Each structure stands twice: as structure tokens, then as C-alpha cells.
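In terms of this note's numbering, the sequence shown opens at residue 1 and continues consecutively.
Glycine is no exception: its CB is placed at the ideal position from the N, C-alpha and C atoms.
Note that the structure is predicted; figures quoted are calculated from it, not measured.
These notes are about the structure you will find just below.
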Amino acid sequence: MEPLATSTSPIPDGVPTHVVIASHPRQRSFTLSMAEGYAEVVRQNGGRVIFRDLYRIGFNPLLHAREMPDHEGFQPRPDVVVERQLIGKADVYAFFYPLWFNSPPAMIKGYVERVFGMGFAYSPHGLSGNRPLLADRAMVTFTSTGAPQDWVEHSGAWDAMRAHFDDHFSAVTGLRNLGHHNFGRVRAGMGEAAMRERLQELQLMAATVMQGGVIPEGTGTS
């Protein structure tokens, strides 16, 4: 396993940079295996990876009062300023997390709310609107559930989450959404063959993203 520390060396012109944003309390998890597999494909294809394992870097997902824009302005805290400087020049933001209660976990929500807030992902426009600031970038999402993917879809949870989180986030920030792929039936004790099959599928989709393509929506192993 490669170290999760991030290089801050200058990025040569023309080298695509992917920020891998992963969230799982267990380092030995399917989520982190997906993230590392994706990063490996990016590097093999000449890209640069900025790896943000949110639990291991100790990211604080709690939004502070002064970070919230109001009539007195707002002030990002130092950790957010550093994070924005680190990931600000990415071409693709790749998110990896488990779905808990059919939604992104609190760590991901906190990262999005604090880091992708006003002044970084969007700016005020007019009296009540916002202007996206990341329209020349892209996002892609890979998740997992213990439940089968067809249940997640038939229950209505998939469409609700896609509309309320993925689509809204893309619209506010301007990020081109390259897709959200969920792997179903991911459970403790999953066999090695099943794990290998899912990770091979993930790496094929990572190669598609590297070529600027869109991944299959919601069609992971059922």
C-alpha cells in the first residue's frame, strides 16, 4: 500500500490531477481499497493523485459559526484554507465512501460543507444567487452498500440521494458529474474472489474517467 501523504511538488503542465477523497473509519475497508485502486490507475496513466483519507488526516467535519456566510461575511478556518490550497487545482474530484442510512456519511458531508463552500466552489451572485467556480472541473463518485443495488434503487433511496446530494452539489459548484457507481452486497467476510471482481470493475471505470468518459450509473454488483 502506498503512503497516503500527499506531495505538494509543482504539477507539470498538461498532467491531469485527481483528488481522491475517501472516508471510512477502518483503513482496511472496501472503501479504501477502491480509492487506492483508482489512484493506482490514475498514476499508471500519467496522472497525479492527491489522496485525502479523511479519517487518517484527522479532518474535522464540524462547521464553525464564523465559516457560515452572513451579512458580516465569513472566515474559513486555517485547516480549510490549507485544504483548499492543496486541492484547488485539481481536474477531477473522486469521492469514495459507504452509504449509511442511504446517504453520504457525516465525514463526507462535513468535508463538502466546509471545503467546497463559498469562496472555493461558488461565489455570491446578485442578491440571493450563487455563481459556480468549478465549471472547468469534474467529479465522480464510488460508493458501497451492504444491501443489493436493486433494493437501493427500488426503495427510492438511490434517486433521492442522487437528486439531493450529487446533482445539487454538481449544480452549485459547476462540476461536471461523470457518474456515481455503487457496489451492492459489500459485507464483512466478503470472499476474495468477489472483492477482486469488484476492484477490477472499479479499475476499468477509473480508466474510463482518465479518458474523460462517464461511468455506468448505479449498476454495481447486485
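Got a sec? Which residues, its chain only, sit under 6 Å from residue i by beta carbon, not counting five neighbours each side?
i: E2; result: Since pLDDT at E2 reaches only 39, below the 50 mark, its modelled position is unreliable, and the value read off the structure follows with that caveat. Closer than 6 Å at the Cβ level, and outside the excluded window around E2, lies no residue.
i: F120; result: R84
i: R176; result: A138
i: V186; result: F30, S144
Just mark residue i as buried or exposed, buried being the case when its beta carbon has 16 or more other beta carbons within 10 Å.
i: S7; result: Its pLDDT being 42, under 50, S7 is placed unreliably in this model, and the value from its coordinates should be taken loosely. Classification of S7: exposed, given that the 10 Å Cβ count is below 16.
i: P76; result: buried
i: I108; result: buried
i: F101; result: exposed
i: Q149; result: buried
i: S155; result: exposed
i: E201; result: buried
i: M34; result: buried
Excluding five sequence neighbours on each side, which residues of the same chain lie with their C-beta closer than 7 Å to the C-beta of residue i?
i: I215; result: V140, L178, G179, H181, M205, T208, V209
i: V49; result: H18, V20, A39, V42, R43
i: Q203; result: G37, V41
i: N60; result: D79
i: V226; result: The structure shown does not extend to residue 226, since the chain is modelled only from 1 to 222, so the question has no answer here.
i: V112; result: F169
i: I11; result: For I11, the predicted model reports a pLDDT of 47, less than 50, meaning its position is unreliable; a value from the coordinates is still stated below. Answer for I11: T17, R48, K89, listed in chain order.
i: H164; result: none
i: E72; result: none
Whose CA, out of the options, lies closest to the CA of residue i?
i: G146; options: H71, V19, T17, T31; result: T31
i: A106; options: L133, H125, H168, L63; result: L63
i: L199; options: P16, P78, Y111, S29; result: S29
i: V15; options: H164, G47, M34, Q27; result: G47
i: R52; options: G73, V82, R185; result: V82
i: T143; options: G110, P104, R187; result: P104
i: G174; options: D136, F165, M195; result: D136
i: G58; options: F74, N45, A65, Q27; result: Q27
i: D223; options: Y93, N45, V186; result: Residue 223 lies beyond the stretch modelled for the chain, which goes from 1 to 222, so this question has no answer here.
i: D91; options: E197, A163, L134; result: L134
Say whether chain B places a C-beta atom closer than 7 Å to the C-beta of residue i.
i: M107; result: In summary, chain B is missing from the structure at hand, where a single protein chain is found.
Apart from the five residues on each side of it in sequence, which residues of its chain come closer than 8 Å, Cβ to Cβ, to residue i?
i: P124; result: P69, M118, N130, R131
i: V172; result: A121, Y122, N130, P132
i: M161; result: L99, N102, S103, P104
i: E67; result: F74, Q75, P76, R77, V80, R114, G117
i: Y55; result: S23, H24, P25, Q27, M107
i: M195; result: F30, S33
i: M190; result: F30
i: G110; result: F59, N60, P61, L62, L63
Quiz prompt | Segments assigned beta strand (DSSP E), at least 3 residues, entirely inside the region 162-186 | solution = 176-183
Quiz item: Hey, is the region 97-110 in contact with the region 21-29, meaning 3+ C-beta pairs nearer than 8 Å?
Solution: yes
Practice problem: Go through the region 62-133 residue by residue and report every complete run of the beta strand (DSSP E) that reaches 3 residues or more, in order. | Solution: 92-98, 122-125, 129-132
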